[in-house]
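Below: one structure, written as C-alpha cells.
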Amino acid sequence: MSKNLEIKKGVVADIKEKFEKAQTAVLVDYRGLNVAEDTELRNQLRKAGVEYVVLKNTMINLAIKEMNLDEMKSHLEGPTAVAFGYEDAIAPAKVLTDFIKAKKKMNIKCGVCDGAYLDEAGVQALANTPSREVLIAKIMGSMMSSVSKFVYALEAIRKKQAGEE
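Just so you know, the numbering used here puts 88 at position 73 of the sequence shown, and the rest follows in order with no gaps.
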C-alpha cells in the first residue's frame, strides 16, 4: 500500500475515534466567518471544553460509513467543521447556536448525540436543553417540595393524635 493511503486510513480512524469518544458532535458550515470571528468562536468552544476542527468531507464520509451514520452523508457538502463535546453533551450545540444567533453567519448542518443522528432541528433542541446544573437544581427542588409536604402531613397527624389542634 502507498504511504498516502496509510496516512488517510490513520486520519479516518482518528475521526471515527473522535465521533465515538464524544458525547455530542455538531457539524457546521463555517462560510462567512472572518479570522477574528473564527478565533472568537474557537475561544468560546475551548472555554466550554469543546474540540473544534475543520475536516475534509471525504474523510468524515469514510468514518461515518464505518459507524452506520449514513443520514449524515447528505450534509457533507461545502466546508465542514466539527465541534466535539467530550464532557458536556449540550456545550457544542449551545455555544454554536448562540454564536450563530449573535453573528448571523454559519449554518448548523447536523449532529450526533450518543451515536444517534440529529438533524438541524435536533441540534437546536439540544441547545435549548437546560444545563446539567439547572436540571439537577430542578430535580432537587421538586424532591425537597415532596419531602416538605410529607413532613407537614406527618406533623398534622401527630398534632391530631395528640389533640393539639
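By construction, the Cβ of each residue, glycine as well, lies at the ideal position given by its N, Cα and C atoms.
How is the beta strand (DSSP E) around G137 delimited, first residue to last? Annotation for G137: no beta strand (DSSP E) segment contains it, though the alpha helix (DSSP H) segment containing it runs E135 to A142.
Go through its chain and collect everything with a Cβ distance to A104's Cβ below 7 Å, but skip five positions before and after it. Q38, T39 and C128
What three-state label does DSSP hand N11 in the structure shown? The displayed coordinates of the chain run from 16 to 180. Any statement about residue 11 would go beyond what the structure contains.
Where does the unbroken beta strand (DSSP E) through L20 begin, and where does it stop? Here L20 belongs to no beta strand (DSSP E); instead the alpha helix (DSSP H) covers K18 to K36.
Under the three-state reduction of DSSP, which class applies to Y167: helix, strand or coil? helix
Straight-line Cα distance separating S161 from G130: 36 Å
Is the Cβ-Cβ distance between A96 and Y132 less than 8 Å? no
Starting from the N-terminal side, write out each stretch of the beta strand (DSSP E) that is 3 residues or longer and does not extend beyond the region 30–105. 39–44, 65–70 and 95–100
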